[in-house]
Amino acid sequence: MGEAKRRGSLEARTQDALARLRAALPDSVKCNNCGAELHEILPLDVQGMEGMRAAGVAVCTLCSHDTWAVDGTPDALRKFQQFLEEEHGGAAVSSGVARKPT
Ligand SMILES: [Zn+2]
Numbered sequence: 384m385g386e387a388k389r390r391g392s393l394e395a396r397t398q399d400a401l402a403r404l405r406a407a408l409p410d411s412v413k414c415n416n417c418g419a420e421l422h423e424i425l426p427l428d429v430q431g432m433e434g435m436r437a438a439g440v441a442v443c444t445l446c447s448h449d450t451w452a453v454d455g456t457p458d459a460l461r462k463f464q465q466f467l468e469e470e471h472g473g474a475a476v477s478s479g480v481a482r483k484p485t
């Protein structure tokens, strides 16, 4: 009681933040391309994206296809889709890693 919660190093805090972002995502997603169950979802920092609650990408171990898991308002999801298309063109969901819009 009364003991201040110790804050870890910057690295530990980053891990914490990542864990929180990861916790907002589903346990697994199904590959959009081959239907494989993917448990390794890389969370994305969505702080700069208005209306987005969570976003992550899972790279399929079988076919290397990227499957996105996103959660947010319809408006935010539409913007995110646009962002992916602008960044990666037609290959939006099958290649590349999205970066936070600037
Ligand atoms: Zn796949």
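Residue numbering for the sequence shown follows the working numbering, beginning at 384 and increasing consecutively.
Glycine included, every Cβ here is placed at the ideal spot set by N, Cα and C.
- Taking the Cβ atoms as the reference, Leu427 lies roughly 6 Å from Gly439, within the contact range of under 8 Å.
- Here Met432 is not near Asp454, since their CB atoms are 9 Å or more apart.
- Judged by DSSP secondary structure, Asp399 falls within the alpha helix (DSSP H) whose first and last residues are Leu393 to Ala406.
- Under the DSSP definition of a beta bridge, Pro426 partners with Gly439.
- Taking every protein chain shown into account, the CB of Ala452 has 16 or more other CB atoms within 10 angstroms, so this residue is buried.
- The Cβ-Cβ distance between Val412 and Leu425 does not fall below 9 Å.
- Contact check for Thr444 against Ala407 fails: the beta carbons are separated by 9 Å or more.
- Distances from the CB of His448 to the heavy atoms of ligand 1 include at least one below 8 Å.
- In this structure, the alpha-carbon of Arg461 lies about 14 Å from that of Glu470.
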